[in-house]
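Residue numbers (the working numbering): 255 to 500.
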């Protein structure tokens, strides 16, 4: 074998080794070209649950003896946590301010049928009935939606409405004046305060997709990059094999 042939064969072997190394170390993507990941169209809205108080306009009326006064109080908020009914009055017919005090009774029925009642005999009375633990604050802290309107609709599935609706109130007076014909009844004031949660929405900023999987696509009817490399290596192998046999 000639010296020049040995040199050619040596160079060929080196090239084959380098090519083989490239084959084993190169990651085959099948000729697929990477494209940017698809960004989802949905947005993320952060939810903050704010606790609020609302006091209805005070009702001032007169209730006659043996003629109870009935009222309907409508609460129109969701997520009500508690409701306070406070009845106050002053008996201006009590003898010497001590004797013959009137007795007032406050009875309240919730929309679900729960009843509470209390009575008090006093010159200046104050009765408070409290309905508590009606609804709890939702635990959800974020919503995924395309628009704010969609987020507001989606949040409805987490909202409860116990206590929303019509409350029935009954107030009655039992006069205490010894000369009962002088005491026709009593004036009073009713104050209703309720507490509830309301959601506040804030669109969260979506950062770039780092570390996410890169989506790829394949261009049809074309040899892949790995196939081209394999064909090139095979061609070189055939060429140098022929040299060895010359």
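Built from N, CA and C at the ideal position, the CB exists for glycine as well.
Could you name the residues of the same chain whose beta carbon sits closer than 6 Å to that of residue i, not counting the 5 residues immediately before and after it, in chain order?
{"i": "residue 298", "result": "396, 398 and 458"}
{"i": "residue 473", "result": "Note that residue 473 has pLDDT 43, beneath the 50 cutoff, so the model's placement of it is unreliable and the number below is only indicative. Cβ neighbours of residue 473 beyond the five flanking positions: none."}
{"i": "residue 414", "result": "389"}
Run through DSSP, which three-state label would residue i get?
{"i": "residue 440", "result": "strand"}
{"i": "residue 329", "result": "strand"}
{"i": "residue 450", "result": "strand"}
{"i": "residue 389", "result": "coil"}
{"i": "residue 356", "result": "coil"}
{"i": "residue 369", "result": "strand"}
{"i": "residue 334", "result": "strand"}
{"i": "residue 404", "result": "helix"}
{"i": "residue 306", "result": "strand"}
{"i": "residue 411", "result": "helix"}
{"i": "residue 426", "result": "strand"}
Under 8 Å, do residue i and residue j count as touching if we go by C-beta distance?
{"i": "residue 355", "j": "residue 430", "result": "yes"}
{"i": "residue 310", "j": "residue 327", "result": "yes"}
{"i": "residue 427", "j": "residue 358", "result": "yes"}
{"i": "residue 440", "j": "residue 372", "result": "no"}
{"i": "residue 383", "j": "residue 370", "result": "yes"}
{"i": "residue 335", "j": "residue 451", "result": "yes"}
Measure from the alpha carbon of residue i to the alpha carbon of each residue in the options, then state which is nearest.
{"i": "residue 378", "options": "442, 452, 304 and 312", "result": "442"}
{"i": "residue 338", "options": "315, 362 and 322", "result": "362"}
{"i": "residue 386", "options": "358, 343, 364 and 411", "result": "364"}
{"i": "residue 317", "options": "418, 343 and 416", "result": "343"}
{"i": "residue 302", "options": "407, 402, 393 and 408", "result": "393"}
Compute the minimum distance between the beta carbon of residue i and the heavy atoms of the ligand PLP, and state whether it is under 7 Å.
{"i": "residue 321", "result": "The model depicted lacks the ligand PLP and carries no ligand whatsoever."}
Going along the chain, which residues of its own chain have a beta-carbon closer than 7 Å to the beta-carbon of residue i, five neighbours each way excluded?
{"i": "residue 322", "result": "424, 425 and 426"}
Less than 8 Å between C-beta atoms, sequence neighbours within five positions excluded: which residues of the same chain meet that for residue i?
{"i": "residue 402", "result": "299, 455 and 457"}
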